[in-house]
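Please read the structure below before turning to the comments.
In structure tokens form, the structure reads like this:
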């Protein structure tokens with residue numbers, strides 16, 4: 008496990024100490040000076056990174072395999088217990104997971120780069136006139152020339168029909184009249200107030216009002232019958 012963790016770090020430090028990083032930088036600058044184009048620079052740098060990554064993977068895989076073989080041989084001889092074999096196996100597992108993550112990240116990066124290239128290489132129409140077809144141009148010309156055509160010779164485009172001067176006249180549709188125009192008028196009742204003789208109209212009006220307030224004979228008879236029935240009922244109950 009410790010070997011899988013410290014080995015890549017040791018490889019990078021060894022490359023820096025040996026001057027390989029400076030050589031890679033010089034080669035990259037040489038490629039930039041020779042080509043002078045961005046596409047070639049990106050492709051060359053990507054290829055160099057890929058080669059370095061593959062070389063690092065080979066070194067790590069070889070070291071892990073060698074450590075596994077050596078530890079297995081020592082365990083077979085009885086120098087180390089069998090549980091020591093878990094160290095290289097866990098290192099192999101960590102290595103496989105790390106490589107898998109790098110591959111997935113590289114695939115995602117490639118997809119993003121391809122999508123970005125498609126966006127950059129897509130044709131953008133800056134002039135909207137280039138999209139106009141021949142039929143739309145004909146319609147545009149016809150609309151502009153419409154005010155020069157007489158109303159009778161124009162085609163019906165909005166649902167309005169223009170009748171020629173010598174043609175048949177327009178006949179309206181008969182609609183029944185509403186009820187309030189045909190109904191009989193209400194006759195208001197005229198109230199006559201005689202003020203020639205003072206006090207006559209007021210006394211007659213007062214008598215009429217009192218007569219309306221007094222009960223009629225039928226009402227008195229019904230009331231008397233109800234009282235007699237109540238007396239008979241309560242008297243029978245008391246007895």
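In my numbering, the protein residues as written are 8 to 246.
Using N, Cα and C, we set each Cβ at its ideal position, and we do this for glycine too.
Residue i versus residue j: straight-line alpha-carbon distance, rounded
i: residue 73; j: residue 94; result: 13 Å
i: residue 82; j: residue 96; result: 14 Å
i: residue 195; j: residue 239; result: 52 Å
i: residue 197; j: residue 189; result: 24 Å
i: residue 187; j: residue 181; result: 18 Å
i: residue 76; j: residue 62; result: 21 Å
i: residue 179; j: residue 193; result: 33 Å
N- and C-terminal bounds of the alpha helix (DSSP H) containing residue i
i: residue 117; result: 93 to 128
i: residue 180; result: Per DSSP, residue 180 belongs to no alpha helix (DSSP H) and is neither H nor E.
i: residue 203; result: Unbroken run through residue 203: none, as it is neither H nor E.
i: residue 189; result: 186 to 189
Residue i classed as buried or exposed, judged by whether at least 16 other C-beta atoms fall within 10 angstroms
i: residue 102; result: buried
i: residue 78; result: buried
i: residue 257; result: The structure shown does not extend to residue 257, since the chain is modelled only from 8 through 246, so no value can be given for it.
i: residue 251; result: This structure does not reach residue 251, given that the chain is present from 8 up to 246, and the question cannot be answered.
i: residue 71; result: buried
Same chain, Cβ closer than 8 Å to residue i, five either side skipped, listed in chain order
i: residue 185; result: none
i: residue 87; result: 78, 81
Beta-carbon separation (whole angstroms), residue i vs residue j, contact threshold 8 Å
i: residue 106; j: residue 57; result: That pair is no contact at about 13 Å.
Cβ shell of residue i (< 7 Å), same chain only, five flanking positions each side left out
i: residue 91; result: 78, 82
Cβ neighbours of residue i in the same chain (closer than 6 Å, five flanking residues each side left out)
i: residue 114; result: none
i: residue 139; result: Low local confidence applies: a pLDDT of 46 at residue 139 is under 50, so the model's placement there is unreliable, with the coordinate-based value given in what follows. None.
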